[in-house]
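A quick write-up on the structure given underneath.
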Amino acid sequence: MTCKIDYQPAADLLDGRIILVTGAGDGIGRAAALAFAGHGATVILLGRTIAKLEKVYDEIEAAGGPQPAIFPLNFEGATLKDYHDMAETLDKEFGRLDGILHNAGILGRITPFEQYNPELWEQVMQVNINGPIWMTQALLPLLKSSPDASVVFTSSSVGRRGRAYWGAYAVSKFATEGFVEVLADEVEHLGTLRVNSLNPGATRTAMRKTAYPGEDERTLRGPEEIMPTYLWLMGPESRGHNGEKFDAQPPKRG
Ligand SMILES: NC(=O)c1ccc[n+]([C@@H]2O[C@H](COP(=O)([O-])OP(=O)(O)OC[C@H]3O[C@@H](n4cnc5c(N)ncnc54)[C@H](OP(=O)(O)O)[C@@H]3O)[C@@H](O)[C@H]2O)c1
1 MTCKIDYQPA ADLLDGRIIL VTGAGDGIGR AAALAFAGHG ATVILLGRTI AKLEKVYDEI
61 EAAGGPQPAI FPLNFEGATL KDYHDMAETL DKEFGRLDGI LHNAGILGRI TPFEQYNPEL
121 WEQVMQVNIN GPIWMTQALL PLLKSSPDAS VVFTSSSVGR RGRAYWGAYA VSKFATEGFV
181 EVLADEVEHL GTLRVNSLNP GATRTAMRKT AYPGEDERTL RGPEEIMPTY LWLMGPESRG
241 HNGEKFDAQP PKRG
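Under full-length UniProt numbering, the residues of the sequence shown are numbered 1 to 254, in order.
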């Protein structure tokens, strides 16, 4: 597994690129949207809370980044038609897609499997894996229209080694890792599209606080500190890396 925390991106690394970020209103997704725009990308901000997306939009504009776009979508209720309508809209607006950061996710509950609520399990699988998969299927033609496209799926340490009580969250991240391998193998021959998984590692966000309420937050990196690997994966220097597992932080912090 590779970590690029020391990577120093050029200011114009993502100039001209069109990148979709899911869960862009908060936490790691927000930091990624700001970082991508800060390096020249036109960012499509997708999420379920419009007010948060609007705030990120304003921050990008205030920083002088390329004008972003907002795409409200809730993975819980989204249908195949929504994903195809989305593809049509993005096709009309941009004609291609150079990157997707699949970042939106929910924790569900950390609880013994014996007590796991089946409805919550379904909800976690819907938001963390099923929705993103079908969205990716609808967006594949747009990704194929790019000369150099990068799809990054967000994983977790519990998606690489199972841990007691992490239930649907861990299983959804294992599924994510599996899907990355399948899709990466399918698109390998294209030479223009790469698909990789990225584990952010322990990061100071609302989700982390819910998972570890007693933790001293000062011991954690903030989302903006883990951006080098995100930028490297979205930029041209990661070309040729396909179907690989990345870490945004060195081992033992995640
Ligand atoms: N933080 C960590 O330590 C850590 C470690 C390993 C992996 N991860 C992974 O990193 C990713 C980002 O996590 P985070 O820590 O930044 O979490 P976060 O602060 O809770 O942010 C999650 C984002 O996903 C969005 N989202 C949730 N449900 C959604 C839905 N149904 N439809 C659309 N968007 C939805 C949220 O939107 P709202 O703001 O509207 O709720 C929010 O923007 C997740 O995939 C998580 O599993 C995080």
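Think of the CB as a built atom: it goes at the ideal place given N, C-alpha and C, for glycine as much as any other residue.
Rounded to whole angstroms, what's the CA-CA distance from L183 to N196? Just pull it up for me. So the alpha carbons of these two residues sit roughly 9 angstroms apart.
Is N103 helix, strand or coil by DSSP? coil
Can you give me the start and stop residues for the alpha helix (DSSP H) that P132 sits inside? 131 to 144
Please look up how many angstroms separate the CB atoms of L27 and P223, rounded, as I've assumed it's under 8 angstroms. In the sequence on display, residue 27 carries Gly and not Leu. Correct: roughly 6 angstroms between the Cβ atoms.
So, helix, strand or coil for E114, using DSSP? If DSSP states are grouped into helix, strand and coil, E114 belongs with the helices.
Say yes only if the C-beta of A63 is nearer than 7 angstroms to one or more non-hydrogen atoms of ligand 1, and no if none qualify. no
Straight-line gap, S146 to D91 (C-alpha atoms, nearest Å): 12 angstroms
Is it a yes or a no for the segment 50 to 65 touching the segment 136 to 144, going by three-plus beta-carbon pairs under 8 angstroms? no
What does DSSP give as the partner residues of P72 in its beta bridges? G47
Whole alpha helix (DSSP H) elements within the segment 150 to 199, 4-residue minimum: 167 to 187
What is the rounded straight-line gap between the Cα of L46 and the Cα of D6? 28 angstroms
Less than 7 angstroms between the CB of I28 and some heavy atom of ligand 1, yes or no? yes
Can you tell me whether I5 is helix, strand or coil according to DSSP? Assigned with DSSP and collapsed to three states, I5 falls in coil, not helix or strand.
Through-space distance from L231 to I18, alpha-carbon basis: Roughly 13 angstroms between the two C-alpha positions.
Buried or exposed: where does F153 fall if 16 or more other Cβ atoms within 10 Å of its Cβ makes it buried? buried
What residue from Y57, R161, G105 has the CA that sits closest to R208's CA? G105
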